[in-house]
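Here's the structure we're looking at; comments come further down.
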Amino acid sequence: MSTQREMKEKNPWHRPVTIIITVIGVIAIVALVTVAVLQNWPLSQKYKYGIVLDAGSSHTALYIYEWPAEKDNNTGRVEQTHSCTVKGPGISSYASAPQKAGESLTECMQEAVHRVPKKRHHETPLYLGATAGMRLLNVQNSSASNKVFQAVDEALREFPFAFQGARILSGQEEGAFGWVTVNYLDDRLRQGLETNGALDLGGASTQISFVSSNYDGSESPSNSVNFRLYGNDYNLYTHSFLCYGKDQALRMTLAQQTRSGPTSILDPCFHDGYSETKEYSKLYDSPCVSDRKPQEAPSTYIHTGKGNFHQCQEIVKSVFNFTHCQYSQCSFNGIFQPHLQGPFGAFSAYYFVMNFLKLTNTSIPLEQVKEKLAHYCATPWTQIQKQYPNVKHKYLAEYCFSGTYILTLLTEGYNFTSESYPNIKFIKEIKGSDAGWTLGYMLNLTNMIPAEAPDSPPLPHAGYISIVTVIAVLLFVLFILSMRPFWPQCSKEPQII
Ligand SMILES: Nc1nc2c(ncn2[C@@H]2O[C@H](COP(=O)(O)OP(=O)(O)OP(=O)(O)O)[C@@H](O)[C@H]2O)c(=O)[nH]1
Ligand SMILES: [Ca+2]
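In our numbering, the protein residues as written are 271 to 767.
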């Protein structure tokens, strides 16, 4: 029989050994975990940035994107960290004073200078992409459009970023990059999942883009865009309808109603009681309607409303041409469109308008949606103004038209039915990043989406750290347990009293 004291006396060295082993073990764990954390920490703290200016027909917006530096060419982790709406109209509206187009961007650009860390400025790419407003100006007056670009170019070069140029996107690019954005943000591309279609409604043009399994691009090749992304091939159908953005579509309906040059019109797309005097010269100052200008007309007309959804729908339908189609099937204006397939994300004005009208829930049957809109359109203008005192006058006056245009474009134009309407989701953003072409455009120009699936590490960094920590702790516990014979209490012999 030996007591603890006796044991200690028998193994006088065992306690210091246990202490040393414990200290070494703790140091080993701390070292292992520290190395694992440090190995990953500095990398995850470094971010890269990209800036895209969306020079739309109605306004310009600036977006700042951010991604972890080590993931440049790998996982879908590019996020929008900031956006800034440029005050004033789109750059195409500065045709008669191009300098002002450049100046208008200054405020948002200065915000970007403060938002992007200084040491990253010189390596941050800056892009400006112009869409339908500049496309129209280019058609109307190409020298004015060049002057606007020159002014914008000069203004953007003043900033410390890596300016990559300002240019007009083709309608095909606009549609395709919008599609890339929504599917990238939904993490569908990297995972090779079924993709979502994209519906973008701007002020001057509208885009539809989707993958349809029975479409191989051979019928109407100009509507086909091929991508190989993360090892998957996509054959995308896309089309951009110039003049079918909601502002130009409204112009077309007004042109339709003022063909004979009247002094006033009673417009079913505007509320009963609405009345405003408008200028003919402004209405027809767009290539979308300029050829329809009445020969003889006064300088102004009185635009009054009568709030009738069904009559409004008839006028809206008249701006679409359904008479000819040289393909197996068409949407409108003789443009080929394959069979609609899959869920669709509808953004920009689709969202602004349907959100205001509280009609973003597409599980409400289409017929009921139309009834609700008809009821809204029939509400007198005085009541609408009282109900929404804080909504911008121009937007408020146009929601009846805009809602009617959206439903008509979707159903009559693109052939969505009561069955396929619920496949549409009206969205503004996905995981904090706005839906639109800008992110897809930047991902493409920075080669951020590889054609082939990258060799991904078997574990993400966080998983790696956790596993190393767990193994280290287990090893240490095992080690301590293996030292059990030297533990003081284990060395105690049973005592007989
Ligand atoms: N109701 C409402 N309408 C908006 C809002 N922002 C923009 N709009 C309008 O919605 C329409 C489409 O806006 P955007 O998607 O920004 O259009 P854009 O990019 O300027 O035009 P495109 O060059 O044709 O793409 C325009 O008529 C805008 O005036 C908003 O916050 N609320
Ligand atoms: Ca746009």
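Even glycine gets a Cβ: it sits at the ideal position worked out from N, Cα and C.
DSSP, read as helix, strand or coil, puts G399 in strand.
Short note on K642: C-beta not closer than 8 Å to any heavy atom of ligand 1. For the pair A644 and I697, the CB atoms are not nearer than the 9 Å cut-off.
Between the region 690-709 and the region 445-454 there are three or more inter-stretch CB-CB distances shorter than 8 Å, so the stretches are counted as touching. As the crow flies, the alpha-carbon of K370 is around 18 Å from that of N411. Of all residues, those with a beta-carbon under 6 Å from at least one heavy atom of ligand 2 are G326, T401, G472, S618, reported in chain order. Per the Cβ contact rule, the region 318-331 is in contact with the region 387-402 (3 or more Cβ pairs under 8 Å). Of all C-beta pairs linking the region 465-481 to the region 512-523, three or more are shorter than 8 Å, placing the two stretches in contact.
For T451, the enclosing alpha helix (DSSP H) starts and ends at 441-455. By the CB criterion at 9 Å, K576 and T632 fall outside the cutoff. Contact annotation, P557 with L459: C-beta distance approximately 36 Å; criterion of less than 8 Å not satisfied. For the pair K642 and M718, the Cα-to-Cα distance works out to about 44 Å. DSSP places A616 inside the beta strand (DSSP E), whose first and last residues are 614-618. Spanning the alpha carbons of F686 and E336 requires a straight line of approximately 36 Å.
Considering only I700, L332, Y620, the residue with the shortest C-alpha distance to L679 is Y620.
Residues T528, P532, T533, S534, I535, K548, Y550 of the same chain have their beta carbon placed closer than 7 Å to that of Y571, with the five preceding and five following residues left out of the count. When rounded, the separation of the alpha-carbon atoms in A325 and V740 is 52 Å.
For F497, the enclosing beta strand (DSSP E) starts and ends at 494-499. Exclusion of Y333 from the 8 Å shell around ligand 1 follows from its C-beta lying no nearer than that to any non-hydrogen atom of the ligand. Nearest neighbour of L520 by Cα position, chosen from S530, D537, L506, Y504, turns out to be D537. For H329, the distance from the CB to the nearest heavy atom of ligand 1 is below 8 Å. In the three-state reduction of the DSSP assignment, I334 falls in the strand class, which pools E and B. The three-state reading of DSSP puts V481 in strand, counting E and B together. Per DSSP, reduced to three states, the secondary structure at T508 is strand.
In this structure, S328 is the residue among F614, S328, C670 with its C-alpha nearest to the C-alpha of A400. When C-alpha distances from S440 are compared across K417, N578, V495, the shortest belongs to V495. Exclusion of Y646 from the 8 Å shell around ligand 1 follows from its C-beta lying no nearer than that to any non-hydrogen atom of the ligand.
Annotation for T376: the continuous alpha helix (DSSP H) segment containing it runs 376-385. As DSSP reads the structure, A468 sits in a beta bridge with S479, G615. Contact check for F540 and F671: beta-carbon distance about 7 Å, within the 8 Å limit, so the pair qualifies. Around K587, the same chain offers T678, E682 as residues with beta carbons nearer than 7 Å, after the five sequence neighbours per side are excluded.
The secondary-structure analysis by DSSP pairs N502 across a beta bridge with L499.
At least one heavy atom of ligand 1 lies less than 8 Å from the C-beta of D517. CA-to-CA, the gap between F433 and V383 works out to about 13 Å. Under the three-state reduction of DSSP output, T355 falls in the strand class. Nearest neighbour of D423 by Cα position, chosen from N466, R390, E373, turns out to be E373.
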